[in-house]
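Colleague: Sharing a structure below in structure tokens format, with a few things to ask.
Residue numbers (the working numbering): 5 to 160.
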């Protein structure tokens with residue numbers, strides 16, 4: 005029995021390492037594909053780029069976009085273990101957290117806009133060839149679903 009315990013601990017540690025290694029690398033420079041993206045009733049940005057630096061659990065996303073509202077840039081420094089961060093985006097402070105669910109990075113952002121609580125839940129998935137990053141998101145305002153969007157990014 006005593007010899008089985010160290011073996012079991014080593015096996016469990018190896019399983020944890022193997023699971024951590026399964027997270028896909030989202031690192032790189034990405035550009036929006038406007039033909040594949042869908043923003044529902046909202047107009048799409050004129051341009052959108054995202055740069056991702058990843059060294060799990062650290063993940064830094066830098067988004068830059070141009071739209072009818074002007075230019076905006078947001079830098080988000082996540083820890084993919086679910087720790088909350090705060091960043092500034094489109095004139096609002098956003099409290100956000102990221103974590104892995106299987107091979108998808110799930111990001112939940114919360115903010116107060118005009119007195120209403122807004123929650124944006126995004127799932128980022130990487131294509132099998134690693135060339136396309138898709139973000140499927142849902143937006144809720146005051147606890148009610150407002151809409152969904154799909155942002156498709158192509159690796160540069």
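Backbone N, C-alpha and C define an ideal beta-carbon position, used for all residues, glycine too. Quick caveat, the model's predicted, so the values are computed rather than measured.
DSSP three-state call for residue 81: helix, strand or coil?
Modeller: strand
Colleague: Under the three-state reduction of DSSP, which class applies to residue 65: helix, strand or coil?
Modeller: strand
Colleague: State whether the region 134-150 contacts the region 106-123, with contact taken as three or more CB pairs (one from each stretch) at a distance under 8 Å.
Modeller: yes
Colleague: Can you name the start and end residues of the beta strand (DSSP E) that residue 107 belongs to?
Modeller: Element bounds for residue 107: n/a, residue is neither H nor E.
Colleague: Below 7 Å between beta carbons: does that hold for residue 161 and residue 86?
Modeller: The first residue shown for the chain is 5 and the last is 160, placing residue 161 beyond what the model contains.
Colleague: In angstroms, rounded to a whole number, what distance separates the CA positions of residue 33 and residue 149?
Modeller: 31 Å
Colleague: Under 6 Å Cβ to Cβ from residue 138, same chain only, skipping five residues before and after it: list those, please.
Modeller: 129, 156
Colleague: Quick check on the burial criterion: 16 or more other C-beta atoms within 10 angstroms. Buried or exposed for residue 54?
Modeller: buried
Colleague: Confirm, please, whether the CB-CB distance from residue 64 to residue 77 is below 7 Å.
Modeller: no
Colleague: CA-CA distance, residue 131 and residue 30?
Modeller: So the two alpha carbons sit approximately 10 Å from each other.
Colleague: Any idea if residue 94 is buried or exposed, counting beta-carbon neighbours within 10 angstroms, 16 or more meaning buried?
Modeller: exposed
Colleague: With burial defined as no fewer than 16 other Cβ atoms inside 10 Å of the residue's Cβ, what is the status of residue 97: buried or exposed?
Modeller: exposed
Colleague: Can you have a look at residue 75 and say buried or exposed, based on whether 16 or more other CB atoms are within 10 angstroms of its CB?
Modeller: exposed
Colleague: On the CB-based measure, 16 or more other CB atoms within 10 Å of its CB, does residue 160 come out buried or exposed?
Modeller: That one is exposed.
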